[in-house]
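Protein chains in written order, with my numbering: chain A, 93 to 233; chain B, 3 to 42. The beta-carbon is built from N, C-alpha and C at its ideal position, and this holds for glycine as well. Computed from a predicted model, the values in this text were never measured in an experiment.
Laid out in structure tokens, this is it:
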């Protein structure tokens, strides 16, 4: 089992920022459960497609928020690749594009699969200086 | 079941608004395979 990381891509961060503090915080809490869940996959609500997973925050009043994510399980790194976030109210529109998001997650995984653990470690460090991305690891919780 | 809190009621209103980034725009913003490869 490798070290765990969450990488938020730009569309995920942009929609989180626009979501409102309460909803964004609750969804982000669900996502960061990936870092300390008993196993990483347990933090996802469910797998949606071959390479696409869903994070989900569902309060009792029927609102809520979702995220589409890739998941890379390497020898030394387990990475949630959070592609996009959205409100439950808009999930139909995002679900219509599940195949395209799955294809994108698959291509990210394919690239990561072709890299050495050292290359991936360097990439993760680089992402900390990328203002369009956000990286969290087990030390951030 | 308890009534929603004030915060949750506020989110219900927020929930009606469109996203800042649509699914199509999100796919445009995400790196394709060549762009992602170039990050290494």
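Consult DSSP for residue i and reduce its assignment to one of helix, strand or coil.
i, result
"residue 233/A", "coil"
"residue 34/B", "coil"
"residue 186/A", "helix"
"residue 161/A", "strand"
"residue 136/A", "coil"
"residue 207/A", "coil"
"residue 22/B", "coil"
"residue 144/A", "coil"
"residue 172/A", "strand"
Answer with buried or exposed for residue i, where buried requires no fewer than 16 other C-beta atoms within 10 angstroms of its C-beta.
i, result
"residue 118/A", "buried"
"residue 143/A", "buried"
"residue 129/A", "exposed"
"residue 55/A", "Here chain A has residues from 93 to 233 only, and residue 55/A is not among them."
"residue 155/A", "buried"
Express the C-alpha separation of residue j and residue i in angstroms, rounding to a whole number.
i, j, result
"residue 146/A", "residue 210/A", "28 Å"
"residue 131/A", "residue 170/A", "10 Å"
"residue 32/B", "residue 109/A", "17 Å"
"residue 107/A", "residue 168/A", "30 Å"
"residue 227/A", "residue 94/A", "16 Å"
"residue 41/B", "residue 182/A", "31 Å"
"residue 9/B", "residue 205/A", "Caution applies to residue 9/B, whose pLDDT of 44 falls short of 50 and renders its modelled position unreliable; the model cannot decide the point."
"residue 120/A", "residue 135/A", "12 Å"
"residue 25/B", "residue 208/A", "32 Å"
"residue 233/A", "residue 224/A", "21 Å"
Contact list for the stretch 177-189 of chain A against chain B, Cβ threshold 8 Å: 178, 179, 180, 181, 182, 185, 186, 188, 189
The stretch 187-207 of chain A in contact with the stretch 23-38 of chain B per 3-pair CB rule at 8 Å: yes
The stretch 150-161 of chain A / the stretch 211-221 of chain A touching (three or more Cβ pairs under 8 Å): no
Contacting positions in the stretch 196-213 of chain A - beta carbon closer than 8 Å to chain B: 196, 199, 200, 202, 203, 207, 211
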